[in-house]
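Trainee: Sharing a structure below in structure tokens format, with a few things to ask.
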């Protein structure tokens, strides 16, 4: 981020997309299964792993089965990227807020094309203040209180200082 922010002029805007800790819990569970079973990222192991996860779909208590909702799960190369990726960084909204402050960036809001009108309307109903939409603390509270809502961390920021 620092390299990108250094390229940005004061008042310049940037779109950022990050993995959210809350939303990616099914991926975390899948990665735990991969490590436990010592699956490699070979085509055969990916197929075996996918088969095992598909056979778990009746276990509604398991977070891991949520990866079945991802279109990426059903393609070999996309599945490799989804759950066999070597390294993944996930963030909470409060971590993002702290990083933005450290970098001199102002949160402008989530991308409207990624997060649905339903999510924004539900949020506005719970937090009617006109500045609520740009409060990462309130979005964190909203996500905590609405765990079934899958909020994508694609958002806009503005550089406020050099």
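Residue numbers (this note's numbering): 6 to 167. Glycine is no exception: its CB is placed at the ideal position from the N, C-alpha and C atoms.
Among the residues of its own chain, which have a CB less than 8 angstroms from the CB of residue 130, if the five just before and after it don't count?
Mentor: Here the set comprises nothing.
Trainee: Does residue 24 come out as helix, strand or coil in the three-state DSSP assignment?
Mentor: It is a strand residue.
Trainee: Is the Cβ-Cβ distance between residue 102 and residue 163 less than 8 angstroms?
Mentor: Not a contact, by the Cβ cut-off of 8 angstroms.
Trainee: Under a three-way DSSP split, which group does residue 79 fall into?
Mentor: Helix, per DSSP.
Trainee: Leaving aside the five residues before and after residue 8 along the sequence, list all residues of the same chain whose C-beta is less than 7 angstroms from its C-beta, in chain order.
Mentor: Same-chain partners within the cutoff: there are none.
Trainee: Does the separation of the CB atoms of residue 32 and residue 148 fall below 8 angstroms?
Mentor: Not in contact: residue 32 and residue 148 (Cβ atoms no closer than 8 angstroms).
Trainee: Within 10 angstroms of the Cβ of residue 14, are there 16 or more other Cβ atoms? Answer buried if so, exposed if not.
Mentor: Result: exposed.
Trainee: Measuring alpha carbon to alpha carbon, tell me which of 119, 118, 96 ends up nearest residue 141.
Mentor: Of the listed residues, the one whose Cα sits closest to residue 141 is 96.
Trainee: I need the straight-line Cα distance from residue 98 to residue 146, nearest angstrom please.
Mentor: Their Cα atoms are separated by approximately 9 angstroms.
Trainee: Quick one: what does DSSP say residue 164 is sitting in, helix, strand or coil?
Mentor: DSSP places residue 164 in strand when its eight states are reduced to three.
Trainee: Mind checking whether residue 39 and residue 85 have CB atoms under 8 angstroms apart?
Mentor: No, the Cβ-Cβ distance between residue 39 and residue 85 is not below 8 angstroms.
Trainee: Helix, strand or coil for residue 147, going by three-state DSSP, please let me know.
Mentor: Correct three-state label for residue 147: helix.
Trainee: Using the C-alpha atoms, what's the distance from residue 144 back to residue 154?
Mentor: If you take the alpha carbons of residue 154 and residue 144, they lie about 11 angstroms apart.
Trainee: Nearest by alpha-carbon distance to residue 25: which of 128, 93, 166, 77 is it?
Mentor: The residue with the shortest Cα to Cα distance from residue 25 is 93.
Trainee: Quick one: Cα of residue 54 to Cα of residue 83, how far?
Mentor: Rounded to the nearest angstrom, the two C-alpha atoms are 14 angstroms apart.
Trainee: Kindly indicate which residue of 165, 159, 12 has the alpha-carbon position closest to the one of residue 120.
Mentor: Closest option to residue 120, Cα to Cα, is 159.
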